[in-house]
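In my numbering, the protein residues as written are 12 to 379.
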């Protein structure tokens, strides 16, 4: 593990509030302990731990991460714990932090909650997002967060974990390099499933293994529905300047509506999965006969945004993708024929947290 320290001993211009103490939030706390960024608050789903004076020390940040890993409530000497469970309470906490920190409090949103975005918008905080919800809800909220205050907004870890997808697209858009097509595989879980199908394994077997390895959500339909990939495609489309809502994204899931969450339990779904094996195997075999492979991909092109199974030549970058890696291929004015390709690990708490940390450090640089 390497040090993220910048300007050791210096006073960084921004303060940081880490919201969310799951795997990504805890990894971020540990990484922040190796920097000179001033962390002044840590929040879980119920409480906010706010410093009374000086920022949390590296030892305290590490201890808080360990405390939450053990499933214990937030607690730390020299800090006050206040409730944020009620409506408006998180907004009040963030407002107070903004007032105490010269309007330069950065929220590191490591949650999957719907409530964080509105609270950030209401208080004018800077933001570094791993959470996709704030920028995949209404266009109105997206504009307030990302368009009206671009110098306060960073979201690297919302697409491709720590891969520099958002940073590259933002630079291309800013420079006037028109992106005509962006396509990619943005789910490590579905990448694992596609690799299994390519190897000739039954869908049910691969999904079961992925579930046992912890690659899927407790209910694998959260992954197989394609909605997580759809949110990432929406973020890309909006980054390109499209005025688009989630309802405009065409999503093809990997199971029929008759096997949906409102129709059967998780055990029932897992038991019914073999019924999909033959059809999926036929698709994989047909693709192979043409020198192609199946990939679960997002395509943003010609004003349309779609997510679902694609057949791609095995010789391409997307076709050669294996395992849980993510990839994005970008066609633009500067890359008209041979696409710009960004590929690498697209999942993992450390990787995702490092993307948030990079965003925080960039915000600190912008506002120095």
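Glycine included, C-beta positions come from ideal geometry on N, C-alpha and C.
Are the CB atoms of residue 357 and residue 199 within a distance shorter than 8 Å? yes
Could you give the DSSP three-state label for residue 363: helix, strand or coil? helix
Alpha-carbon to alpha-carbon, residue 35 and residue 79: 12 Å
So, residue 196 versus residue 72, is the Cβ gap smaller than 8 Å? no
Can you tell me the Cα-Cα spacing of residue 45 and residue 378, whole angstroms? 21 Å
Locate the beta strand (DSSP E) running through residue 154, then write down its first and last residues. No beta strand (DSSP E) contains residue 154, which DSSP labels as neither H nor E.
Whether residue 147 touches residue 246 by CB criterion (8 Å): yes
How big is the Cα-Cα spacing for residue 241 and residue 259? 10 Å
4-residue-minimum alpha helix (DSSP H) runs that sit fully inside the region 80 to 162, ordered along the chain: 100 to 111, 127 to 134 and 150 to 153
Under 8 Å: do the region 173 to 187 and the region 310 to 327 share three or more Cβ pairs, one atom per stretch? no
Residue 224 burial status per 10 Å Cβ neighbour count (16 or more: buried): exposed
Output needed for residue 365: all residues of its chain with C-beta closer than 6 Å, excluding positions within five of it in sequence on either side, in chain order. 173
Since residue 307 sits in a beta bridge, which residues does DSSP pair it with? 320
Can the beta-carbon of residue 144 be found less than 8 Å from the beta-carbon of residue 157? no
Backbone CA spacing between residue 27 and residue 117 [nearest angstrom]: 5 Å
Simplified DSSP state of residue 12, which is helix, strand or coil: Reliability fails at residue 12, whose pLDDT of 34 lies under 50, so the model's placement of it is uncertain and no value is given.
Can you give, in chain order, each stretch of the beta strand (DSSP E) that sits fully within the region 182 to 206 and has at least 3 residues? 190 to 196
Please report the straight-line C-alpha distance between residue 327 and residue 355, rounded to a whole angstrom. 15 Å
Would the region 121 to 139 and the region 151 to 167 be scored as touching if the rule is three or more Cβ pairs under 8 Å? yes
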